[in-house]
Amino acid sequence: ALELLRVSPAQPLRACLLPAQAYPPLAQELLNAAFLSCWSQLTPDGCGLLAAAVEAALERESMPPAVLQKMLNLADFMELHLQPLPIPVRKLGSLAERCQAYAKAAHYREMSFTHAAFRHAASLISINNQLQLPEAAAGVLAFSRDLGVEPRVSWYEKLGRWSDALAAYDRMSQSAEGGAAGGSIAVRLGSMRCLHALGEWRRLCQLASEAWLDPALDASGGESTLTPAPGSLHPS
């Protein structure tokens, strides 16, 4: 903690070095802030090396639980300030259990579970579609929502929920940068797939005409960009 205060780029923290030397609890109180101030000045390679050193220290079986708890508090502090340490959350959860910090362990286990759910949801939906189990695929979507995982618009398409997918594309188009009426080309293509599946031919023709006139579609790549992939206009 004292060394971090010594090299901190933040002048107020450096000014606390002498008082912290005289009163050690102050150094411990300023540890997280001093670490963050130094971390923010490191290069990506430097951050990687420092994170590896912290991770190696955390894995030492001889580390006293009190010290391990302080290191976990540091990880929490960095996460709170939107600069999380690049240490796997599963490992942080195991370390929290080791020092009986059960609230932290639950937090990291929940994070790990949610990340895994998001990572595998799309695959599970696709697999259940291939098995012709639409109810099971819809169950994956519902379970993901319960976990707080925001569904991707492609999931709705795989489930054949074209109205939900179209509504999502409409929201994306309205929030497109610059307020463009049609949004990005990818959003337009998605909207056209939904409109085709829903049989809304008039709106589909209007959107297709606007897309063809978009200057973003150059002569060399526009036609292939607007050509849907085989089977993409129909639910799986």
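Read in our numbering, the sequence shown has 117 at position 124, and its numbers run on one by one without any break. Ideal Cβ positions, reconstructed from N, Cα and C, are used throughout, including at glycine.
Examine the Cβ distances between the stretch 85 to 98 and the stretch 48 to 63 and report whether three or more of them are shorter than 8 Å.
Touching, yes, given that three or more Cβ pairs across the two stretches are closer than 8 Å.
What residue ranges within the stretch 131 to 185 form continuous beta strand (DSSP E) runs of no fewer than 3 residues, ordered along the chain?
Qualifying beta strand (DSSP E) stretches: none in this window.
So does the stretch 79 to 86 actually touch the stretch 114 to 128, counting three or more Cβ pairs closer than 8 Å?
With the cut-off at 8 Å, the stretch 79 to 86 and the stretch 114 to 128 do not touch.
What residue range is occupied by the uninterrupted alpha helix (DSSP H) comprising residue 9?
That residue, residue 9, is in no alpha helix (DSSP H); it is neither H nor E in DSSP.
Could you tell me which of 183, -5, 193 and 84 sits nearest to residue 18, measuring between CA atoms?
When each option's Cα is compared against that of residue 18, the closest is -5.
Going by DSSP, what residue range makes up the alpha helix (DSSP H) through residue 199?
Its alpha helix (DSSP H) spans residues 194 to 205.
Quick one: any contact between the stretch -3 to 15 and the stretch 35 to 54, if contact means 3 or more CB pairs under 8 Å?
The answer is no - the stretch 35 to 54 does not touch the stretch -3 to 15, with fewer than three Cβ pairs under 8 Å.
What does the alpha-carbon distance come out to for the pair residue 36 and residue 150?
About 41 Å.
Does residue 69 pass the burial test, meaning 16 or more other C-beta atoms within 10 Å, or should it be called exposed?
The residue in question, residue 69, is buried, as its Cβ has 16 or more Cβ neighbours within 10 Å.
Can you check which of these residues, 100, 205, 183 and 0, is closest to residue 162 by C-alpha distance?
Nearest C-alpha to residue 162: 183.
Would you decide whether residue 187 is buried or exposed? Buried here means 16 or more other CB atoms lie within 10 Å of its CB.
With 16 or more other Cβ atoms within 10 Å, it is buried.
Note down, in chain order, each residue of its chain lying with its Cβ closer than 8 Å to the Cβ of residue 159, except the 5 sequence neighbours on either side.
Counting only Cβ-Cβ distances below 8 Å, and skipping sequence neighbours, we find 184, 187, 188 and 191.
What separation, rounded to the nearest whole angstrom, lies between the Cα atoms of residue 154 and residue 139?
For residue 154 and residue 139, the distance between alpha carbons rounds to 18 Å.
Would you kindly work out how many angstroms separate the C-alpha atoms of residue 42 and residue 146, rounded to a whole number?
Approximately 38 Å, taken between the alpha carbons.
Within 10 angstroms of its Cβ, does residue -2 collect 16 or more other Cβ (buried), or is it exposed?
Residue -2 should be labelled buried.
Looking at the unbroken alpha helix (DSSP H) that takes in residue 21, where does it start and where does it end?
Unbroken alpha helix (DSSP H) run through residue 21: 17 to 22.
Between residue 129 and chain D, is any beta-carbon pair separated by less than 9 Å?
As a matter of chain content, chain D is missing from the structure shown, which is built from one protein chain.
For residue 30, is the classification buried or exposed, using 16 other Cβ atoms within 10 angstroms of its Cβ as the cut-off for buried?
Buried, because 16 or more other Cβ atoms sit within 10 Å of the Cβ of residue 30.
Could you tell me whether the Cβ atoms of residue 25 and residue 67 are closer together than 9 Å?
Yes, they are a contact pair.
Please state the DSSP three-state secondary structure of residue 80.
Coil, per DSSP.
With a threshold of 16 other CB atoms inside 10 Å of the CB of residue 144, please say whether the residue is buried or exposed.
Its Cβ being crowded by 16 or more others within 10 Å, residue 144 is buried.
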